[in-house]
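In the working numbering, the protein residues as written are 1083 to 1208. Structure first, commentary second.
Written out as structure tokens, the structure reads:
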């Protein structure tokens, strides 16, 4: 990747030297002001990035790697609140799918009804 260097640093100064946290924070604030964007911390930006990726349906492993988490379980635990919204959205999307104008063939509809009534959902753990 283009940002790789001898020390594996991501944020560098213009000269390519180590960029201290205070300098990174200052540049972030200046950039946000110049772009006339709402105030957001670097951590808030990171969290927003991960949340949006999750809402887009990006696989947890990909998000975990982008954030540098040790494993996808940590990522899923950290962003579990997004899963609640996704559960509701998925149910709504599935309902819309079933309401499509093209009717399902009778045999498929019957098999689906039998399957749907035999499955028990436990959303209590979410």
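Note that CB positions come from ideal geometry on N, CA and C, so glycine has one too.
Tell me whether residue 1156 sits in a helix, a strand or coil according to DSSP, three-state version. Correct three-state label for residue 1156: helix.
Residue 1143 to residue 1167 span [Cα, whole Å]: Pairing residue 1143 with residue 1167, the inter-Cα distance amounts to about 20 Å.
With 16 other Cβ atoms within 10 Å as the buried cut-off, status of residue 1138: Here residue 1138 is exposed: its Cβ has fewer than 16 other Cβ atoms, across all protein chains shown, within 10 Å.
So residue 1149 packs on residue 1157, CB below 8 Å; how close in whole Å? 6 Å between Cβ atoms; contact.
Taking the alpha-carbon of residue 1028 as reference, which of 1154, 1118, 1117 has the nearest alpha-carbon? Here the chain has residues from 1083 to 1208 only, and residue 1028 is not among them.
Under the assumption that residue 1122 contacts residue 1135 (Cβ atoms under 8 Å), give the Cβ distance between them as a whole number of angstroms. Residue 1122 to residue 1135, Cβ: 16 Å. No contact.
N- and C-terminal bounds of the alpha helix (DSSP H) containing residue 1164: Note, residue 1164: alpha helix (DSSP H), 1162-1180.
Local Cβ density within 10 Å of residue 1161, reported as buried at 16 or more and exposed below that: Buried: at least 16 other Cβ atoms inside 10 Å.
Residue 1104 - containing alpha helix (DSSP H), residue span: Counted as a single uninterrupted DSSP element, the alpha helix (DSSP H) harbouring residue 1104 occupies residues 1103-1116.
Sort 1111, 1116, 1140 by Cα distance to residue 1126 and report the nearest one. Of the candidates 1111, 1116, 1140, the one whose C-alpha sits nearest the C-alpha of residue 1126 is 1111.
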